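**Student:**
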Amino acid sequence: MTRMIGCGWRPVWVGGGMLISMIALGACSEQDKAKWDEMFKPSDQPLFGGLSGDTEKWTIECNEYLGERHRETAETAADALRRAPNLRGERVRVEHSAGGSRVFYGEYALKHDKSNDELRVVLNDAIKRDVEFIRQLSLDGQYIFFQARPIAKPGEKVGPPDWNLERARGTYTLHVGVTYATPTLRDYQDAAIEWVKDLRSRGYEAYYYHDPEKPQTSICVGSFGDDAFVTEPDGRMAYSKSVKDLQLQEEFRYNLENGHITHRITADPSSGKRERIPNWSFLVEIPQPGKAKALRDRKPTSVIPEFE
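For the sequence shown, the numbering used here gives the first residue as 21, with consecutive numbering after it.
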């Protein structure tokens, strides 16, 4: 079967800007192209659990609590927050999981800013005011909400539980792609699940992971232990042979973004010459069940000679 990599939209740098163009390789069948396009078809749904139109729902994550008594600690903090002046107690809520608890406050309809051809969410005065106020609250002399921050309000997480990266065994996995909300791709979670489904149908150990902090979903392949890294003769760390064998497959060379190969522009330290380099796939740590966090990449200090 033709790999997806030959059927996607590829970004091409033109005159300092990035132009998205379609490269239809001869080996790409119409059936494969249709399947790939279906994954990333435009949608008129809200960007992230949000409202229709040009707004989306955000909230304030006041704090996260871990450890054996995370439930009790979170409820105590939430009760204190409910009694705080200038806040509405009914807007405080607590979410518990097996590994931790999070306290949230409020719901805010934030507008999108589409300037410079980029879609961003603009924090309004209400959420900025409440974040600042919550950060200054203290309990028994301790600022227990000092790390309060605005985040997109988590929506319902989709996908088969067994495909969730938290179910994977091992320490590391290969990060091969990410889907995220854009003006034309709203159902980014569903697109990621279809991506994983396709990989699994062809025998790959594939997983999805919904980022708890940003409206995006990661696609990962394989699982590796602590031996995923080796030390080269010059002392630099590199990926092991088993990791490289997977990464060298055409489909898994790149960290695709919504099905696109993306590039970065770097400058050679010695010559100053600017180079256009694709974003390769990379290892990330597998998150522990119930301890949602953004994936942490583990890139080796050495390059991968086969790619450069």
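For each residue, glycine too, the CB sits at the ideal point set by N, CA and C.
All figures in this text were calculated on a predicted structure; none of them were measured in a lab.
(1) Does DSSP put ILE239 in a helix, a strand or coil?
(2) Between the C-alpha atoms of LEU219 and LEU276, what's the straight-line distance to the nearest angstrom?
(3) Per DSSP, LYS77 forms a beta bridge with which residues?
(4) Residue ranges of each alpha helix (DSSP H) run of no fewer than 4 residues wholly in the region 248–277, ordered along the chain?
(5) Is the beta carbon of LEU185 closer than 7 Å to that of TYR125?
(6) Which of the three DSSP states is assigned to PRO309 in this structure?
(7) Flag ALA100 as yes when its Cβ comes closer than 6 Å to any non-hydrogen atom of the ligand MG, and as no otherwise.
(8) Just verifying my parser: in three-state terms, what is the DSSP assignment at ARG189?
(9) Going straight from the alpha carbon of CYS240 to that of PRO105, what length do you get?
(10) So, is LEU266 buried or exposed, given that buried needs 16 or more other C-beta atoms within 10 angstroms?
(11) Taking the alpha carbon of LEU268 as the point to measure from, which residue in ARG256, GLY292, TRP300, MET257 has its own alpha carbon closest?
(12) Within the continuous beta strand (DSSP E) that includes TYR224, where are the two ends?
(13) Rounded to a whole number of angstroms, what is the C-alpha to C-alpha distance between PRO235 and THR75?
(14) Which residues in the same chain have their Cβ closer than 7 Å to the Cβ of LEU143, if we skip the five residues on either side of it in sequence?
(15) Under DSSP, the alpha helix (DSSP H) around ARG91 begins and ends at which residues?
(16) Run the CB neighbour count on ARG193, radius 10 Å, all protein chains shown included, and call it buried at 16 or more, exposed below.
(17) Work out the CA separation of HIS230 and ILE213 for me, nearest whole Å.
(18) Roughly how many angstroms separate the alpha carbons of VAL304 and SER158, rounded to a whole number?
(19) Alpha carbon to alpha carbon, what distance is there between VAL141 and ALA15?
(20) State the Cα-Cα distance for the pair VAL114 and GLU92, rounded to the nearest angstrom.
(21) Nearest by alpha-carbon distance to ALA201: which of VAL216, THR237, TRP183, GLY255 is it?
(22) Roughly how many angstroms separate the alpha carbons of VAL196 and VAL216, rounded to a whole number?
**Tutor:** Put simply:
(1) Reduced to three states, the DSSP call for ILE239 is strand.
(2) Distance between the alpha carbons of LEU219 and LEU276: 14 Å.
(3) DSSP links LYS77 through a beta bridge to ALA129.
(4) With a minimum length of 4 residues, the continuous alpha helix (DSSP H) runs that stay inside the region 248–277 are 261–267.
(5) For TYR125 and LEU185, no; Cβs fall outside 7 Å.
(6) Three-state DSSP puts PRO309 in coil, outside helix and strand.
(7) For the ligand MG, the structure offers nothing, since it holds no ligand at all.
(8) Reduced to three states, the DSSP call for ARG189 is coil.
(9) Taking the straight line joining both Cα atoms gives about 45 Å.
(10) Burial state of LEU266 is buried, judged by a 10 Å Cβ sphere holding 16 or more other Cβ atoms.
(11) Among ARG256, GLY292, TRP300, MET257, the Cα nearest to that of LEU268 belongs to TRP300.
(12) No beta strand (DSSP E) holds TYR224; DSSP gives it neither H nor E.
(13) Cα-Cα distance, rounded: 14 Å.
(14) Taken in chain order, the residues that qualify are LEU130, PRO170.
(15) Membership of ARG91 in the alpha helix (DSSP H) is indicated by the continuous run 90–102.
(16) The residue you asked about is not Arg; residue 193 is Thr in the sequence shown. A buried status is given to THR193, since no fewer than 16 other beta-carbon atoms sit within 10 Å of its beta-carbon.
(17) Approximately 10 Å between the Cα atoms of the pair.
(18) Whole-angstrom Cα-Cα distance: 36 Å.
(19) This structure cannot settle anything about residue 15, because the visible part of the chain is limited to 21 through 328.
(20) Distance between the alpha carbons of VAL114 and GLU92: 11 Å.
(21) For ALA201, the closest C-alpha among the options VAL216, THR237, TRP183, GLY255 is that of THR237.
(22) Each residue's Cα considered, the two are about 11 Å apart.
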